[in-house]
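Counting from 6, one number per residue, gives the positions in the sequence shown under our numbering. Note that CB positions come from ideal geometry on N, CA and C, so glycine has one too.
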Amino acid sequence: MSPLLREVPRPKTYPLVGHLPMLWKQGMMGTLKQYWEKHGDLVELKLGPQRAYLVSSPDLIKRIVLDNRENYPKGDVYDAFRLLVGNGLVTSDGSFWRRQRRMIQPSFQRESLKSFVHDMVETSVATLDRWQGSLDDGVTVDIAQEMMRLTMQVIGTTMFGVDMDSKTDRSSQAFKQVMSYVIQQGNVPFRLPLWLPLPSNIKLRRSLQTLNRIVYGIIEQRKNDPGTKHDFLSLCLQAQDKETGLSMNEEQVRDEVITMFLAGHETTSNALSWTWYLLSQHPEVEARFHEEIDTVLGGRLPTYHDLSQLTYTKMVLQEALRLYPPVWLLARNVKDNDEWSGYSIRGGSIVLYSPFLTHRHPEHWENPEQFDPERFQPEAVQARHKFSYLPFNLGPRLCIGKHFALYEGQLVLATLGQHYRFSVPSGHNVEMHPETMLQPRGGMPMVVHKRY
Ligand code: HEM
């Protein structure tokens, strides 16, 4: 290290294990928050032998995701996810990622999104119908589970035309079962290599084989009978890269389909659960939200054209994504040594940055703990550091589903919100459970109230 460079602050650590005991004892989010509050926007950590940096300032995040992004690849920090999704858009890097992104981008542009809006509204209506047939005023439901069911159905129909809600469709049932097992296994922090003949590995390998059989089956069926569907799967099968003329082979299609399924439903469902919760805690915001949806829609279902009118609904969603970003922690590898405002960042280490922490940065957000959708008025957004708000990440690796998710969120909130409001049952304490995703601990039980 050059003598002119400063030491990055490092909290007290144990030999060999470094900061791991604190992270295990107090949880990842609590410990990182504590380190940030005590040591500032750049903190060095030791995760066993691995050096890592916690980065919380928008300027430094901009360097990672944009200005010097080639030095911060996804690398091995995404290995657990790779086990499941292979080399899909979330996990790939370099020229392969660029080509895939070019080919997939059209599926998320205005014309495709317009056609997905129909499925989003239909699925919300199916939820309404189910509730109207089975839920009495005053009963408690797990909104987290309901939102998961809804967003999974949306992703199943828009991405590969499968009815995930079907009780009779065996492939959707098997898909769900296998997927949840594989996700659970992927979350194990230190997995032993898959080739070791351990019972858990054998079960996981079998589950992956089942998953592949189902997904390849869906792909094969679509190839044999393309029909008239304009879902993501059809677009992948037809896509051809303008620069190279290449199209995707079956394995790439499989990886992208599973990637979309995983990246696209739990994220949105958590965002919606937190939004309903925040609305229930802020009656004045809830009243404005009701006023908007009642005025714009007057009792009818929303369409694509209403999205630009449902501005307050969108601001509520954006503010919920600030306080409870579903992807609360992101990580990158550091390729070569780098230098940030007089600090040395070592090659071979990892950088961690947390939308959750940066969204509560007091230098960028006034009263950061307070829920206030007004923060998303266009002038307020303009005046803020762009990299202080990153629920969808920023730079070239910006979430490809950002507009999909915002549309879906607006449409679900507007469709259900016209008929129902929710409250937290007395005595229930809503807590965060920051795992791979920021979810409510033990679900989100809420009391259902019919509005009319
Ligand atoms: C509220 C909902 C959502 C949130 C908060 C969210 C968040 C994110 C974040 C933070 C990333 C960056 C990950 C990284 O760089 O390591 C990302 C990437 C991605 N998301 Fe989303 N996402 C949401 C919804 C969706 C939806 C609905 C889809 C698809 C239908 C989707 C597909 C993807 C894909 C494919 C990537 C990888 C993009 C790339 O690197 O080229 N996401 N998302």
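- Task: Leaving aside the five residues before and after residue 313 along the sequence, list all residues of the same chain whose C-beta is less than 8 Å from its C-beta, in chain order.
- Result: none
- Outcome for residue 53 when other beta-carbon atoms lying within 10 angstroms are tallied against a minimum of 16: exposed
- Task: Tell me residue 52's beta-bridge partners as DSSP assigns them.
- Result: 23 and 55
- List the endpoints of the continuous beta strand (DSSP E) containing residue 147. 145–147
- Task: Measure the alpha-carbon distance for residue 40 versus residue 27 and round it to whole angstroms.
- Result: 11 Å
- In this structure, what does DSSP give as the bridge partners for residue 426? 454
- Compare the beta carbon distance of residue 236 and residue 165 with 8 Å and say whether it is the shorter of the two. yes
- Just to confirm, are residue 46 and residue 60 a CB contact at a threshold of 8 Å? yes
- Query: What residues in its chain sit with their C-beta under 8 Å from that of residue 393, if we drop five residues either side in the sequence?
  - Reply: 63, 363, 364, 366, 369 and 370
- Task: Tell me, to the nearest whole angstrom, how far the beta carbon of residue 130 is from that of residue 306; I am working on the premise that it is less than 8 Å.
- Result: 7 Å
- Task: Would you mind reading off the limits of the alpha helix (DSSP H) that contains residue 3?
- Result: Since the first and last residues shown for the chain are 6 and 457, residue 3 lies out of range.
- Message: Using a Cβ-based criterion (distance less than 7 Å to any ligand heavy atom), does residue 95 qualify as near ligand 1?
- Response: yes
- Task: Give every residue of the same chain whose Cβ lies closer than 7 Å to the Cβ of residue 25, excluding the five residues on either side of it in the sequence, and list them in chain order.
- Result: 52 and 53
- Task: Pull up the distance between the alpha-carbon of residue 72 and that of residue 358, whole angstroms please.
- Result: 16 Å
- So who's on the other strand from residue 343, going by DSSP bridges? 350
- Message: So if DSSP puts residue 366 in a beta bridge, which residue, or which two residues, is it bridged to?
- Response: DSSP lists no partner for residue 366.
- Message: The alpha helix (DSSP H) that contains residue 302, what's its start and end?
- Response: 288–302
- Message: Between residue 405 and ligand 1, is there a pair consisting of the residue's CB and a ligand heavy atom that are separated by less than 7 Å?
- Response: yes
- Message: Pull the bridge partners of residue 438 from the DSSP assignment, please.
- Response: 444
- Could you tell me if the beta carbon of residue 335 falls within a distance shorter than 7 Å of some heavy atom in ligand 1? yes
- Message: So the candidates are 303, 15 and 30; which of them puts its Cα closest to the Cα of residue 42?
- Response: 15
- Taking C-beta to C-beta, are residue 167 and residue 223 nearer than 8 Å? yes
- Task: Under 7 Å Cβ to Cβ from residue 177, same chain only, skipping five residues before and after it: list those, please.
- Result: 161, 167, 168, 169 and 171
- For ligand 1, is there a heavy atom less than 7 Å away from the beta-carbon of residue 265? yes
- Query: How many Å lie between residue 303 and residue 138 at the Cα?
  - Reply: 23 Å
- According to DSSP, which residues form a beta bridge with residue 252? 245
- Item | Inter-stretch contact (C-beta, 8 Å, three-pair minimum) for the stretch 99–118 and the stretch 203–215 | no
- Would you tell me roughly how many angstroms separate the C-alpha atoms of residue 442 and residue 87, rounded to the nearest one? 17 Å
- Message: Tell me the DSSP secondary structure of residue 275 in three-state form.
- Response: helix
- Message: Between the stretch 419–435 and the stretch 343–354, can you find at least three pairs of beta-carbon atoms closer than 8 Å?
- Response: no
- Message: Rounded to the nearest angstrom, what separates residue 201 and residue 212 at their Cα positions?
- Response: 16 Å
- Item | Beta-ladder partner(s) of residue 355, from DSSP | 57 and 338
- Does the beta-carbon distance from residue 417 to residue 267 come in below 8 Å? no
- Query: Measuring CB to CB, does residue 128 end up less than 8 Å from residue 155?
  - Reply: yes
- Message: Can you confirm whether the stretch 275–295 touches the stretch 94–103 when touching is taken to mean that 3 or more C-beta pairs between the two stretches lie within less than 8 Å?
- Response: no
- Assumed close pair residue 360, residue 275 - CB separation to whole angstroms, cut-off 8 Å: Not a contact, Cβ separation roughly 13 Å.
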